[in-house]
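Working notes, beginning with the structure itself.
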Amino acid sequence: MRLRNSTLRYGTVAVTLHWLIAIAIICMIAFGYYLSTLPITDPSLYRLVQIHKSVGLTILVLSVLRVAWRLVNPVPPLPDTLSKPMKVLARGTHILLYVLIVAIPFTGWAMVSASPLGIPTMWFGLFEWPHIAPLAHLPFDQKDAKEEAIHSVHAWLAYGTAVLLVLHVGAALLHHYFMKDDTLRRMLPGTRLKAET
Amino acid sequence: MKRIILLSVLLCATIPAHAAQWTVDKAKSHLGFSVQWQDHPLRGEFKSWDADIAFDPADLEHAKATAKIDIASVTVGSDEMDQGIRGAQGFDATNFSTATFETTWFRATGKNAYEARGNLTLHGVTRAITLPFKLDIKNDIAHMIGTAAVTRTDFQVGMGQWATDNPVARLVTVTIDLTAKKTK
Chain A
1 MRLRNSTLRY
11 GTVAVTLHWL
21 IAIAIICMIA
31 FGYYLSTLPI
41 TDPSLYRLVQ
51 IHKSVGLTIL
61 VLSVLRVAWR
71 LVNPVPPLPD
81 TLSKPMKVLA
91 RGTHILLYVL
101 IVAIPFTGWA
111 MVSASPLGIP
121 TMWFGLFEWP
131 HIAPLAHLPF
141 DQKDAKEEAI
151 HSVHAWLAYG
161 TAVLLVLHVG
171 AALLHHYFMK
181 DDTLRRMLPG
191 TRLKAET
Chain B
1001 MKRIILLSVL
1011 LCATIPAHAA
1021 QWTVDKAKSH
1031 LGFSVQWQDH
1041 PLRGEFKSWD
1051 ADIAFDPADL
1061 EHAKATAKID
1071 IASVTVGSDE
1081 MDQGIRGAQG
1091 FDATNFSTAT
1101 FETTWFRATG
1111 KNAYEARGNL
1121 TLHGVTRAIT
1131 LPFKLDIKND
1141 IAHMIGTAAV
1151 TRTDFQVGMG
1161 QWATDNPVAR
1171 LVTVTIDLTA
1181 KKTK
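Taken in sequence, the protein lines are chains A and B.
According to this note's numbering, the first sequence is numbered sequentially starting from 1.
According to this note's numbering, the second sequence is numbered sequentially starting from 1001.
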């Protein structure tokens, strides 16, 4: 498997980023939902939110790298068996997911920056990740409302992603088990493609 | 009019001449606190409070201050957080709506520096605390800055799973920045 994408399959870099981000995002949607059910008076909330923030910012960095990598690499084409509308749906879902994996952690970072509590983000306890300055410097009495507004965008984008994931994973499984093509295989590490045999 | 003047004279006569009375300038005064919340200092303030102050640097013997603090006015700036702090796990503002601080004595500790000892009643518990402060009086305007260290668990604030220093420290630093005008 090569590092870069080919016209047949995704390369090592794209595959690694895809699965790292996939696992992290799925865990984080569940984790985020769990955090939203905890009362503000839960003593473990502070520590848990620090972990959520650390993982989220890691996803943000990986996602930006991933989008950049995608832009400078060839994209393996969709199978010709797909109709035009299905191709549009598939590509549309992909583009939307690319946008979301950047936008969700970014809105998380933004809400933390706008928070009137001004809690520093310690990336896995190692160093302080800065706040987004224009939000951190908002007048104090505007911060709570701003934080809540961005917070709900963050949550709804995450739940929207969960819905999109059902479509994305469902389509991948459909390709693999019913259409029996290379669509899933070419995003899996080290598997031999039908087209290569 | 005559009656008002008479009444004023009578009222003034009841106040001992040596105890200068002060009126808190609420717009310029601030009662805040800071407590370590894991690796972050959590700062808050009480928006609504008032104090009766009789104070003359030359006559500390007769100095006296009584403050009443509206507990439900506590805020750290976040609605959600404020509800938690006011709630049963925190100050329990429903059952203990007012905190009071009543001085028992004052002493000078240096130039423009004093110490007040008094009883703080908070969350239904009364305990003596010490409030060191700096005081500048110019043209009948007094500016006082004081800091008191209060152990919240002494007052049963934040018990149960909150009773240790983790995640919220037991030691709370209370800061008072007060501007008062001498009552004519």
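Even glycine gets a Cβ: it sits at the ideal position worked out from N, Cα and C.
Query, Result
"Contacts that VAL1150 of chain B makes with chain A (C-beta to C-beta distance below 8 Å)", "Result: empty, since nearest Cβ-Cβ is about 20 Å, beyond 8 Å."
"VAL67 of chain A to THR107 of chain A span [Cα, whole Å]", "17 Å"
"MET111 of chain A at chain B interface by Cβ criterion, 8 Å", "no"
"Burial state of ALA1180 of chain B, where buried means 16 or more other Cβ atoms lie within 10 Å", "buried"
"Residue-level contact to chain B via CB, THR58 of chain A, 8 Å cutoff", "no"
"Reference TRP1105 of chain B, options B:PRO1132, B:LEU1122, B:ARG1086, closest by Cα", "B:PRO1132"
"Residue from B:ARG1107, B:GLY1077, B:ILE1137, B:ARG1086 whose Cα sits closest to the Cα of GLU1061 of chain B", "B:ARG1107"
"Nearest-angstrom Cα separation, counted from ASP1056 of chain B out to THR1023 of chain B", "14 Å"
"Residue from B:ALA1019, B:ASP1039, B:THR1153, B:ASP1050 with nearest C-alpha to ASP1177 of chain B", "B:ASP1050"
"Contacts around THR1175 of chain B, its chain only, beta-carbon distance under 6 Å, and the 5 residues preceding and following it disregarded", "GLY1032, THR1147"
"Meets three-Cβ-pair contact criterion under 8 Å: the segment 1121-1137 of chain B and the segment 1152-1159 of chain B", "yes"
"Residues sharing a beta bridge with ASN1119 of chain B, DSSP", "B:GLU1102, B:ALA1128"
"Stretch pair the segment 153-168 of chain A + the segment 103-119 of chain A: three plus CB contacts closer than 8 Å", "yes"
"Within-8 Å CB hit, ILE132 of chain A to chain B", "no"
"Identity of the residues DSSP links to PHE127 of chain A by a beta bridge", "A:TRP123"
"Cross-chain neighbours of PRO1167 of chain B in chain A, by beta carbon under 9 Å", "PRO43, SER44, LEU45, TYR46, ARG47"
"Distance, VAL169 of chain A Cα to VAL15 of chain A Cα", "15 Å"
"Coarse secondary structure for TYR10 of chain A, derived from DSSP in three states", "coil"
"Closest Cα partner of ALA162 of chain A within the set A:HIS18, A:PRO120, A:ALA30, A:LYS53", "A:ALA30"
"C-alpha distance - HIS131 of chain A paired with LYS1111 of chain B, whole-angstrom precision", "42 Å"
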